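Engineer: Here the protein sequences line up with chains X and L, keeping their order.
Quick note on numbering: the first sequence equals residues 1 to 352 in the numbering used here.
Quick note on numbering: the second sequence equals residues 353 to 704 in the numbering used here.
Below is a structure I'd like to ask you about.
Protein chains: 2
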Amino acid sequence: MSVEDKQKPQRNDRVTIRTVATHAGVSVAAVSKVMRNAYGVSEALRAKVTDAIETLGYRPSRAARGLRGRSFTIGVLLIDIRNPFLPEVIAGVNGVLAPSHYQAMIGVSDARVQLETSLIESMIDYKMDGLVLVAPRLPSEILAKFAAQIPIVAVGYHDAGATAFDTVNADDQRGAEIAVEALLACGYRDIEMLSLGEREGHAVSVVRQREIGYRRAMQRGGLGASAPIGKIPIAPLKREAAMRKFLARKDRPRAVFCWSDLDAITLLSLAMEMGVRVPEDLAVIGYDNSSTAALGLVNLASIDQSGRELGQIATRALISRIEGRTAAEHILQTPSLVSRNSLIGSEDARQG
Amino acid sequence: MSVEDKQKPQRNDRVTIRTVATHAGVSVAAVSKVMRNAYGVSEALRAKVTDAIETLGYRPSRAARGLRGRSFTIGVLLIDIRNPFLPEVIAGVNGVLAPSHYQAMIGVSDARVQLETSLIESMIDYKMDGLVLVAPRLPSEILAKFAAQIPIVAVGYHDAGATAFDTVNADDQRGAEIAVEALLACGYRDIEMLSLGEREGHAVSVVRQREIGYRRAMQRGGLGASAPIGKIPIAPLKREAAMRKFLARKDRPRAVFCWSDLDAITLLSLAMEMGVRVPEDLAVIGYDNSSTAALGLVNLASIDQSGRELGQIATRALISRIEGRTAAEHILQTPSLVSRNSLIGSEDARQG
DNA sequence: GATGAAATGTAGAACGTTCTCCATATAACG
DNA sequence: CGTTATATGGAGAACGTTCTACATTTCATC
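In structure tokens form, the structure reads like this:
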């Protein structure tokens, strides 16, 4: 604003590292050093540079940074935002990142493997510093190949043998066991699991893990002989049809463990519609402890796996990996039961 | 794999535009032209280059692209992923982007203005090609300042006077009118609106728009004299308390219009808990037509604003702006009513 | 053929950082 | 005072693209 404003030979108005250097009367390299707080900077220099940055409102270009060194961005890949579990994970990631100078960018693949691959590639091409993949659909070898190019932490992906990347999981086997144990404790013996249609199943997926836990707990309860698992397709229409069929069955079980709240809640709705009383005719327990499950109207017992916590742990693991760790880590959190009326009728009946 | 493999003087293993050029026996510039399908490329050249790209599995670095020209990425900014309306918008954005060579990166600001600003800046620093801001909290002048640096389309931000950026909205005034008209048509006269606590209110926000529509419709219905608006705070605990107080009121109205499904559904839950029958004692209509509202257990009448469609329209607008349009566009979609049992009791009663 | 216009391909300078040497100044030590 | 270590600051080459300006070729048209 003053007269000697002309001094700057900038032809454009973008403030670059060069502008800052000129303004502070130091070299470009010096400014860069201050930015990255690298070794070999005196207090005096740091002060000058910091001042200049402040006055000019300088922000380093992430694009340029990525071209040469760190971009201070981590990518988060989600298969599907509709699942109420995922926002929690994001919240956890953002929480850990907030005080650092890292930032998260999120990609959504809508469960399409094609898009998932291309988003991961994009994030690599952006030279992001690391990736958190939530419930990826990709096979382990492919993930390992990507992990050679960029630090990766997978959440909701059971592959404790992976050496190229870390995994962070709730113990889904244990979670399913807890669910079954709760049903057994309520006295139910005729129990079935409703799981996800076959197309979705790598062994690494949370669904298959829950099936394993379910079977084991049934076995332990002396019900190993019949531990039936019904498969519910994902396509909305087929899904409802399958559930209606299940509810109408003559030999319908007395209690059901659903692999996910999403299915459990739909089941509850259809049960009400078809006159099947919960829990008098059918006890239901879900998985995820979503906010919908907690609604008084729904009141669904569920396994809580604290997505927020998983997000936090995953992010911390990723940062430590970015900062040099190379040995793979595989972290397992124990989930917990949240008991509600769908499990066992209480004195204050469900219907208000 | 053959003997003459040594020809490549590549010291690293990253496939760059130079690798491709060498492999195809053309210049770097030529490859770049093919990539951007720019003018001045013969069929023969294009074929050679395309082949080389294919064989080498070349992917251009987004970081480097951003440094010079387009990055072919658009940023999407969300205030909060928990709102069930937002996944729909994302789906719309991704749908339009899928066939193009653009990709979306999402940032989540958790309703914190600080973080919102810094995410927008980051996206600019990444040289993203354009931004879709969903329900931004920032004042119009600030958005205009950003819009000078990057094409911006705001969704859920009523500022038809903005010249620097586009807006895409459902007509929230009209939506509220439709809700009130539906209540009037059912014969209710004693109607109240439950809106959002005061802290949240620029005039540009969807909430305030819905209040305006509510008042106008009440006026038209001859109820202008008393068109009460209750304010519900956002903090979870205060929120519930306020709703309980509302439900317990002696002069509780006969029907209520909630600014959002999130609130309406909580209200429904508390009503059940407190023995207030819906719709016999209290009719409820929400806003967003979230998937939860559609559940048989919930059965909440709601205004549908098709987030997916808004996302699609916003994305198309953004692309046209990236490609040169400068005159601002302000698009308004008309929402529609989805009638359900919370509005008026049907012969098949709510309780199955 | 000669001439101009249009089409095609290339060289090489940006873009804004980081980071590896270097050069210098200062301190420490015999 | 030399000599050697240490701390500080700077030059300049990357990084992998895009894109302008130019050189060359091809094609009509007279």
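Positions of the beta carbon are idealized from the N, C-alpha and C atoms, including for glycine.
Quantities reported herein were computed from a predicted structural model and do not represent experimental measurements.
Nearest CA to the CA of residue 302 of chain X: which residue from X:179, X:19, X:128 and X:174?
Structural biologist: What you label residue 302 of chain X is simply residue 302 of the first sequence in a count that begins at 1. Residue 302 of chain X has its Cα closest to that of X:179, out of X:179, X:19, X:128 and X:174.
Engineer: Measure the alpha-carbon distance for residue 499 of chain L versus residue 243 of chain X and round it to whole angstroms.
Structural biologist: For the purposes of this step, residue 499 of chain L is taken as the residue at position 147 of the second sequence. For the purposes of this step, residue 243 of chain X is taken as the residue at position 243 of the first sequence. Residue 499 of chain L and residue 243 of chain X have their C-alpha atoms roughly 49 angstroms apart.
Engineer: Determine, using beta carbons only, whether residue 530 of chain L comes closer than 8 angstroms to chain X.
Structural biologist: Taking the first residue of the second sequence as 1, we reach residue 530 of chain L at position 178. Residue 530 of chain L does not count as touching chain X.
Engineer: Please confirm if the region 107-124 of chain X is in contact with the region 328-338 of chain X, defined as three or more CB-CB distances below 8 angstroms between the two stretches.
Structural biologist: no
Engineer: Is residue 3 of chain X helix, strand or coil when you go by DSSP?
Structural biologist: The sequence position of residue 3 of chain X within the first sequence is 3, counting from 1. Per-residue confidence for residue 3 of chain X stands at a pLDDT of 32, beneath the threshold of 50, marking its modelled position as unreliable; no derived number is given.
Engineer: Out of X:73, X:77 and X:176, which has the shortest C-alpha to C-alpha gap to residue 338 of chain X?
Structural biologist: For the purposes of this step, residue 338 of chain X is taken as residue 338 along the first sequence, with counting starting at 1. Here the closest residue by C-alpha is X:176.
Engineer: When burial is assigned at 16 or more other CB atoms within 10 Å of the CB, is residue 183 of chain X buried or exposed?
Structural biologist: Mapped onto the first sequence, residue 183 of chain X falls at position 183. The residue in question, residue 183 of chain X, is buried, as its Cβ has 16 or more Cβ neighbours within 10 Å.
Engineer: Does residue 58 of chain X come out as helix, strand or coil in the three-state DSSP assignment?
Structural biologist: The residue labelled residue 58 of chain X in the question sits at position 58 within the first sequence. Looking at residue 58 of chain X - three-state DSSP - the assignment turns out to be coil, as it is neither helix nor strand.
Engineer: In whole angstroms, give me the CA-to-CA distance for residue 648 of chain L and residue 297 of chain X.
Structural biologist: For the purposes of this step, residue 648 of chain L is taken as the residue at position 296 of the second sequence. For the purposes of this step, residue 297 of chain X is taken as the residue at position 297 of the first sequence. Answer to the nearest angstrom: the Cα atoms are 10 angstroms apart.
Engineer: Between the Cα of residue 636 of chain L and those of L:487, L:519 and L:542, spot the shortest distance and give me the residue it belongs to.
Structural biologist: As a working mapping, residue 636 of chain L is identified with position 284 in the second sequence. Looking at the Cα atoms, L:542 is the closest of the given residues.
Engineer: Take residue 480 of chain L as the anchor and find which of L:518, L:668 and L:427 has the nearest alpha-carbon.
Structural biologist: The sequence position of residue 480 of chain L within the second sequence is 128, counting from 1. Here the closest residue by C-alpha is L:427.
Engineer: Mind checking the region 256-279 of chain X against chain L and listing, in chain order, the residues whose C-beta falls within less than 9 angstroms of any C-beta there?
Structural biologist: 265, 266, 268, 269, 270, 271, 272, 273, 274, 275, 276 and 277
Engineer: Output, in chain order, the set of chain X residues within a Cβ distance shorter than 7 angstroms of residue 434 of chain L.
Structural biologist: Your numbering for residue 434 of chain L matches position 82 in the second sequence. Going along chain X in sequence order, the residues near residue 434 of chain L (Cβ under 7 angstroms) are 87.
Engineer: The region 298-328 of chain X: which residues have C-beta closer than 7 angstroms to a C-beta of chain L, in chain order?
Structural biologist: 298
Engineer: When DSSP labels each residue in this structure, what does residue 350 of chain X get in the three-state scheme?
Structural biologist: Along the first sequence, read from residue 1 onward, the residue named residue 350 of chain X stands at position 350. A caution first: residue 350 of chain X carries a pLDDT of 38, below 50, which makes its placement in the model unreliable, though a value can still be read off. Here residue 350 of chain X sits in coil by DSSP.
Engineer: Give me the Cα-Cα distance between residue 114 of chain X and residue 138 of chain X, rounded to the nearest whole angstrom.
Structural biologist: Mapped onto the first sequence, residue 114 of chain X falls at position 114. Mapped onto the first sequence, residue 138 of chain X falls at position 138. Taking the straight line joining both Cα atoms gives about 10 angstroms.
Engineer: Output needed for residue 600 of chain L: all residues of its chain with C-beta closer than 8 angstroms, excluding positions within five of it in sequence on either side, in chain order.
Structural biologist: If you number the second sequence from 1, residue 600 of chain L lands on position 248. So the list reads 626, once near-sequence residues are dropped.
Engineer: Residues of chain X with CB under 7 angstroms from residue 414 of chain L, in chain order?
Structural biologist: Position 62 of the second sequence, counting from 1, holds the residue named residue 414 of chain L. Going along chain X in sequence order, the residues near residue 414 of chain L (Cβ under 7 angstroms) are 122, 125 and 126.
Engineer: Which residues in chain X sit within 8 angstroms of residue 462 of chain L, going by Cβ to Cβ distance?
Structural biologist: Start at 1 with the first residue of the second sequence, and residue 462 of chain L comes out as number 110. Under the 8 angstroms cutoff, chain X gives 91 and 94.
Engineer: Starting from residue 655 of chain L and walking both ways along the alpha helix (DSSP H), at which residues does that stretch end?
Structural biologist: For the purposes of this step, residue 655 of chain L is identified with residue 303 of the second sequence, where counting begins at 1. Note, residue 655 of chain L: premise wrong, no alpha helix (DSSP H); beta strand (DSSP E) at 653-656.
Engineer: Relative to the C-alpha of residue 155 of chain X, which candidate in X:161, X:84, X:89 and X:230 has its C-alpha closest?
Structural biologist: What you label residue 155 of chain X is simply residue 155 of the first sequence in a count that begins at 1. When each option's Cα is compared against that of residue 155 of chain X, the closest is X:89.
Engineer: So, at 6 angstroms on beta carbons, what are the nonlocal neighbours of residue 496 of chain L in its own chain, with the 5 sequence-adjacent residues on each side left out?
Structural biologist: Residue numbering aside, residue 496 of chain L sits at position 144 when the second sequence is read from its first letter. If we look at residue 496 of chain L and ignore the five residues flanking it on each side, its Cβ neighbours are 516.
Engineer: Taking just the CA atoms, how far does residue 383 of chain L sit from residue 159 of chain X?
Structural biologist: Counting from 1 along the first sequence, the entry for residue 159 of chain X is found at position 159. Counting from 1 along the second sequence, the entry for residue 383 of chain L is found at position 31. Looking at the two C-alpha atoms, the distance is approximately 40 angstroms.
Engineer: Would you list the residues sitting across from residue 378 of chain L in a DSSP beta bridge?
Structural biologist: Residue numbering aside, residue 378 of chain L sits at position 26 when the second sequence is read from its first letter. DSSP, once it has assigned bridges, lists no residue as partnering residue 378 of chain L.
Engineer: Would you call residue 49 of chain X buried or exposed, if buried means 16 or more other Cβ atoms sit within 10 Å of its Cβ?
Structural biologist: Within the first sequence, numbered from 1, the residue matching residue 49 of chain X stands at position 49. Counting Cβ neighbours within 10 Å, residue 49 of chain X comes out buried, since at least 16 surround it.
Engineer: When DSSP labels each residue in this structure, what does residue 521 of chain L get in the three-state scheme?
Structural biologist: To locate residue 521 of chain L, count along the second sequence from 1; it is residue 169. Residue 521 of chain L: strand per DSSP, three-state reduction.
Engineer: With a threshold of 8 angstroms, are at least 3 pairs of Cβ atoms found where one atom belongs to the region 306-318 of chain X and the other to the region 165-172 of chain X?
Structural biologist: yes
Engineer: Give me the Cα-Cα distance between residue 281 of chain X and residue 251 of chain X, rounded to the nearest whole angstrom.
Structural biologist: Residue numbering aside, residue 281 of chain X sits at position 281 when the first sequence is read from its first letter. Residue numbering aside, residue 251 of chain X sits at position 251 when the first sequence is read from its first letter. Note on geometry: alpha-carbon atoms of residue 281 of chain X and residue 251 of chain X lie some 12 angstroms from one another.
Engineer: Since residue 411 of chain L meets chain X, which of its residues come closer than 7 angstroms, beta carbon to beta carbon?
Structural biologist: By one-based count along the second sequence, residue 411 of chain L stands at place 59. Simply 121 and 125.
Engineer: For a contact defined as C-beta to C-beta under 8 angstroms, what are the partners of residue 106 of chain X on chain L?
Structural biologist: On the first sequence, residue 106 of chain X is found 106 positions in, with the first residue counted as 1. Going along chain L in sequence order, the residues near residue 106 of chain X (Cβ under 8 angstroms) are 457, 458, 459 and 460.
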